[in-house]
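Trainee: Sequence positions in the sequence shown follow full-length UniProt numbering and run 1 to 884. Ideal placement from N, C-alpha and C gives every residue a C-beta, glycine not left out. The structure is given below, and queries will be raised subsequently.
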Amino acid sequence: MQDRSKSRPLPSSLAWLAALAMVSATVPVSAGEPRADDLHAGELHAGKLHVASPDWRDQVVYFAMVDRFDDGDPSNNDQGLGEYDPADGGRYSGGDLRGLNRRLDYIRGLGATALWITPPVANQWLNPSRSFSGYHGYWASDFSAVDPHYGRLDDYRALSRGVHARGMYLIQDVVVNHTGDWIACDRSGAADTAAARCHLRSDPQGRMAPAQPPFDRNDPADAGDRAAATYHWTAPIADYTDRRQELDGQLADLDDLNTEHPAVRRALRESYGRWIREVGVDAFRVDTAFHVPADFFADFLHADDPQAPGVARVAAATGRDDFLAFGEGFGSDKAFADAQARKLDGYMRTPGGLPSMINFPLYGSLGEVFARGRPSAELAYRIDSMMALHADPWRMPSFVDNHDVDRFLAGGSEAGLKQALLAMLTLPGIPVIYYGTEQGFATQRPSMFAAGHGSGGRDHFATDAPLYRYLQRAIALRRGNRAFSRGRPTVLTANAARSGAIAWRMDGGDGRALVVLNSADTPVLLDRLDTGLAPGTRLRGVFAIDGDPRDLDVGADGALSLVLPPRSGEVWRVEAAVAASAVEAPASAPRLDPLPTAPLRGDFEVHGEAPGSRRLQLVIDGDLGSAQTVTVAADGRWRARVRSDAMIDPATIHRVVAHDPGRGASSAAGEFRVALDWRLRAERDDPAGDDTGPDGGYVYPTGPGWRALRPADIRRIRAWSADGALRVEITMADISEAWHPANGFDHVAFTAYLSLPGRDGGATAMPQQQARLPDGRRWHYRWRAHGWSNALTTADGADADNEGAAVTPVPTIAVDRGAATITAIFPATAFASPADLAGAVLYITTWDYDGGYRPLAPEAGPMRFGGGDAQSPRVMDAIEVTLE
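This is the structure:
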């Protein structure tokens with residue numbers, strides 16, 4: 001029997017208006033340090049559910065997962081089905097709406113002006129296999145009711161009042177693509193064949209359908225339900241590159257709604273319109289927007305239906321004339337590409353559709369540059385691309401991490417995180433801070449409160465935490481100068497070869513500003529930066545990541561030359577120019593002799609002249625940390641030999657300057673390319689079909705894309721070196737790209753351990769893999785990569801649980817699906833520039849990764865490996881080679 005029971009409906013709008021007249025607010029005003037206009041807004045909004053829309057360009061959003069933030073009412077934690085277990089990251093932890101409400105001053109004190117929460121709606125508490133719970137809120141059973149784990153409708157209204165009383169705004173996450181997990185189909189096909197292909201499964205609540213009509217009409221054996229056409233009777237998505245599967249297939253086994261059907265559209269409008277009308281929600285984040293046709297949103301937002309109008313019309317009737325709905329289009333682009341950006345732009349350009357999409361491509365570039373040490377030119381391209389491609393990038397939310405991706409600190413450093421946050425806060429877009437980032441969280445979904453999962457047994461609401469204090473400063477910078485929220489960036493420089501300087505000027509809003517960052521872990525020479533400003537322009541320092549901001553004057557040629565400390569970030573406000581007579585003429589500069597236009601092979605020599613100088617620094621690609629000190633001969637000539645094994649891409653144009661630090665003068669840059677002489681140092685075949693774990697008993701997950709492809713089966717390893725640089729080619733049984741992976745492969749993660757001869761230290765534990773290196777060997781560097789991560793760590797601080805200290809640069813990854821090969825190229829600087837890699841041992845393992853290594857249990861599941869237990873090694877296949 002299906003459970004067709006309905007939850008208690010929300011009150012009608014007339015009943016709500018009558019109730020509103022009897023309610024008074026008792027929420028205190030924030031104890032933070034808001035702007036004057038926020039104080040005014042808070043006074044106007046005190047106790048109100050319905051407030052006017054803000055200018056969304058000026059907002060800073062804090063994103064909290066309800067279940068993982070704070071537990072304000074422990075009595076609602078356990079609903080008695082085994083769904084509540086704070087020791088298990090896949091179960092409810094106890095966070096609720098009251099907990100959020102009592103922490104609003106903490107959020108407001110950070111500087112946030114809007115709160116985005118995960119869906120608070122009634123969910124399927126456990127899926128039919130009992131493998132996972134719906135603690136996250138994305139498995140709806142009733143789109144129109146509050147989940148009992150989170151509280152009651154009055155708790156949600158109280159949260160709304162509390163948000164508005166602080167001059168803030170409330171954003172609700174909504175799902176229109178799917179419900180929970182009840183329909184199981186072994187293949188896709190026409191609706192009239194659903195009875196033969198699909199069946200229903202009962203969940204631990206005893207339900208075989210959502211509680212809310214018409215979504216309860218899901219029985220493939222019922223002709224009336226099939227005719228109602230509420231669902232697509234489809235199998236789980238096996239290939240995300242297939243647009244028809246992406247739209248109509250089941251996402252992670254979740255029942256896919258037929259959003260083309262008028263009755264489904266009407267029910268969704270009616271459900272979500274109620275949250276605006278009766279709770280006072282100010283904006284929606286739309287989950288999985290790529291899985292819904294773009295033209296659905298014109299109806300969802302603007303339908304002219306008196307009984308169930310579009311949600312934007314509902315919002316306008318409550319005084320919100322700019323109700324923001326922004327969609328999630330999960331997909332980051334590779335460097336210097338924009339296919340995913342164009343796809344999400346198509347949603348924003350569909351007539352009447354979503355006005356905004358989350359800027360996933362910018363997220364990808366911020367991580368590549370500031371966490372993984374990729375060339376800063378990759379971020380420069382992304383900035384230029386988003387400004388050229390999108391009509392309104394100022395209203396696209398931006399982020400550095402969230403609940404669906406690795407935390408920044410899972411593979412990046414705190415210094416890099418500060419830079420990524422500063423970049424986000426000084427570029428167009430609506431900045432989003434994911435909960436716990438301000439407390440230094442490194443794992444994906446831990447709890448902020450002591451009793452919740454992953455909290456370490458303590459609360460994490462410290463307002464004196466270093467990152468909390470840093471974000472207060474950085475958010476105040478953005479909110480104090482609308483050039484950052486309203487202006488247009490002009491990229492002035494970026495490093496095409498490696499990590500290093502990137503600078504942009506913001507023009508518009510209420511002023512102009514200059515932002516300069518150094519993404520390298522070494523000092524960088526920023527030579528002759530063309531600011532586009534008049535000579536003598538005064539630059540007033542308004543922000544520095546470390547230390548005090550410095551004031552500067554633009555030089556006589558409109559340029560600046562600066563030494564940038566490691567991982568620095570500085571911001572200047574552009575002011576009036578000083579008198580022309582006060583501008584100093586540039587000092588006499590050294591000169592470089594011309595360099596060859598053809599690629600240089602291996603190490604090479606450069607030379608030039610510097611009359612009047614005694615010593616120079618030869619600076620390659622801005623890197624002062626590795627600059628050679630060169631003595632100038634009596635005749636003014638100089639020469640130096642350059643090591644090349646950090647220059648792994650023959651297409652990259654490198655820059656060299658001769659810099660006289662005494663005079664503060666640099667030569668004009670010389671440009672060159674390098675082609676390394678790679679030598680094959682190791683080659684080994686691996687047996688087919690040995691991807692069965694250490695003892696031969698492991699099996700792949702049961703979901704699509706695993707067992708047919710055997711994506712973790714290594715077939716061959718080859719390794720080359722060029723002095724201290726390393727190139728590794730891994731040949732696999734097959735390669736999957738079904739999930740649109742940014743790195744070009746999915747369904748497998750590689751974890752490689754490099755042991756260097758003669759190098760002290762090291763570790764034997766293989767972090768988070770429940771294993772140790774063979775033969776008691778110690779590793780010095782560890783590389784972990786899957787479809788969306790590329791992390792390099794040292795053994796410093798590594799143990800069974802901790803991956804070690806993040807280092808950059810990470811390798812360049814290339815995929816040849818036809819040859820089933822994945823190639824990773826590491827510059828010598830990744831390994832602290834050893835002279836040679838002879839004798840190095842490389843141990844490579846396969847598994848898969850999703851915010852952590854995928855679970856292993858006696859029985860396999862859709863996303864779970866089978867044949868072991870929680871203490872068994874996470875290794876599907878492994879191979880070892882020694883470089884000769």
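Hey, could you find the ends of the beta strand (DSSP E) Y434 is sitting in?
Mentor: Unbroken beta strand (DSSP E) run through Y434: I430 to Y434.
Trainee: Since I believe D623 is in contact with V524 (beta carbons under 8 Å), could you give me their beta-carbon distance rounded to a whole number of angstroms?
Mentor: The Cβ separation is near 7 Å, so the contact holds.
Trainee: Quick check: R382 and S365, are their CB atoms within less than 8 Å of each other?
Mentor: Cβ atoms of R382 and S365: closer than 8 Å.
Trainee: Among Y169, T764 and H261, which residue has its Cα nearest to the Cα of A114?
Mentor: Ranking the options by Cα distance to A114, first place goes to Y169.
Trainee: Helix, strand or coil for A830, going by three-state DSSP, please let me know.
Mentor: DSSP places A830 in helix when its eight states are reduced to three.
Trainee: Kindly indicate the opening and closing residues of the alpha helix (DSSP H) around residue 963.
Mentor: There is simply no residue 963 to check, as the chain begins at 1 and stops at 884 in what is shown.
Trainee: Taking the runs of the beta strand (DSSP E) that are 3 residues or longer, which of them lie wholly in the region 450 to 477?
Mentor: Entirely contained in the region 450 to 477, not one beta strand (DSSP E) run reaches 3 residues.
Trainee: Ends of the alpha helix (DSSP H) at I383?
Mentor: Unbroken alpha helix (DSSP H) run through I383: A377 to L389.
Trainee: Report yes if the CB atom of A785 is closer than 8 Å to the CB atom of A733, and no otherwise.
Mentor: In this structure, A733 does not lie closer than 8 Å to A785 by Cβ.
Trainee: On the DSSP bridge list, what partners appear for T273?
Mentor: A small correction: the amino acid at residue 273 is Gly; Thr does not occupy that position in the sequence shown. DSSP, once it has assigned bridges, lists no residue as partnering G273.
Trainee: Inspect the beta-carbon positions of F336 and M357 and report whether they are closer than 8 Å.
Mentor: No, the Cβ-Cβ distance between F336 and M357 is not below 8 Å.
Trainee: Excluding sequence positions up to five away, which residues of its chain have a Cβ less than 8 Å from the Cβ of A442?
Mentor: Counting only Cβ-Cβ distances below 8 Å, and skipping sequence neighbours, we find R407, L409 and A410.
Trainee: Can you give me the start and stop residues for the alpha helix (DSSP H) that E260 sits inside?
Mentor: Where E260 is concerned, there is no enclosing alpha helix (DSSP H), given that its DSSP letter is neither H nor E.
Trainee: Identify whether M424 lies in helix, strand or coil by the three-state DSSP scheme.
Mentor: In this structure, M424 counts as helix in the three-state DSSP scheme.
Trainee: Using a threshold of 8 Å, state whether the C-beta atoms of R377 and A520 are closer than that.
Mentor: The sequence as given places Ala at residue 377; Arg does not occur at that position. No. Outside cutoff.
Trainee: List the endpoints of the continuous alpha helix (DSSP H) containing G224.
Mentor: Looking at the DSSP string, the run of the alpha helix (DSSP H) that includes G224 is A223 to A228.
Trainee: What residue range is occupied by the uninterrupted beta strand (DSSP E) comprising I545?
Mentor: Neither: I545 is in no beta strand (DSSP E) and is coded neither H nor E.
Trainee: Run the CB neighbour count on S789, radius 10 Å, all protein chains shown included, and call it buried at 16 or more, exposed below.
Mentor: Result: buried.
Trainee: Can you find at least 3 beta carbon pairs, one from the region 594 to 610 and one from the region 347 to 355, that sit closer than 8 Å?
Mentor: Flag = no, the region 594 to 610 and the region 347 to 355 do not touch.
Trainee: Comparing alpha-carbon positions, which option in A195, T179 and A191 lies nearest Q212?
Mentor: The shortest C-alpha separation from Q212 is found at T179.
Trainee: Identify which residue in G82, A840, H261 and Y435 has its Cα closest to the Cα of N402.
Mentor: Measuring from the Cα of N402, the nearest candidate turns out to be Y435.
Trainee: Output the distance between the C-alpha atoms of G697 and G625, rounded to the nearest integer angstrom.
Mentor: Using only the alpha carbons, I get a separation of about 50 Å.
Trainee: So, does the region 709 to 725 touch the region 844 to 862, judging by three or more C-beta pairs under 8 Å?
Mentor: With the cut-off at 8 Å, the region 709 to 725 and the region 844 to 862 touch.
Trainee: Where does the unbroken alpha helix (DSSP H) through A559 begin, and where does it stop?
Mentor: No alpha helix (DSSP H) contains A559, which is instead part of the beta strand (DSSP E) from A559 to L564.
Trainee: Determine the direct distance from the alpha carbon of A497 to that of N76, and round the result to whole angstroms.
Mentor: Computed Cα separation, rounded: 55 Å.
Trainee: Under the DSSP definition of a beta bridge, which residues are partnered with W504?
Mentor: Paired residues: V491 and V515.
Trainee: Thinking C-beta only, is F290 closer than 8 Å to V311?
Mentor: No, these two residues do not count as a Cβ contact at 8 Å.
Trainee: Whose CA, out of A640, W56 and V875, lies closest to the CA of D690?
Mentor: Closest by alpha carbon: V875.
Trainee: Taking the straight line between their C-alpha atoms, what separation do you get for R320 and A209?
Mentor: If I take the Cα positions, the gap works out to 35 Å.
Trainee: How would you call T241, buried or exposed, if buried means at least 16 neighbouring beta carbons within 10 angstroms?
Mentor: The residue in question, T241, is exposed, as its Cβ has fewer than 16 Cβ neighbours within 10 Å.
Trainee: What did DSSP end up calling V175 once you bin it into helix, strand or coil?
Mentor: Correct three-state label for V175: strand.
Trainee: Suppose you measure from the CA of G373 to the CA of A450; what does that come to, to the nearest Å?
Mentor: Rounded to whole angstroms, G373 to A450 spans 34 Å at the Cα level.
Trainee: Using CA atoms only, rank isn't needed, just tell me which of D836, G90, G416 and V264 is closest to S644.
Mentor: It is D836.
Trainee: Does L110 come out as helix, strand or coil in the three-state DSSP assignment?
Mentor: If DSSP states are grouped into helix, strand and coil, L110 belongs with the helices.
Trainee: Would you grab the beta carbon distance between H654 and I620 for me? Rounded to a whole angstrom, and I think it's under 8 Å.
Mentor: Yes, H654 and I620 are in contact; Cβ-Cβ is about 6 Å, under 8 Å.
Trainee: Identify every run of the beta strand (DSSP E) within the region 606 to 675, keeping only runs that are complete inside it and at least 3 residues long; order them along the chain.
Mentor: Runs found: 615 to 620, 623 to 631, 637 to 642, 654 to 660 and 670 to 672.
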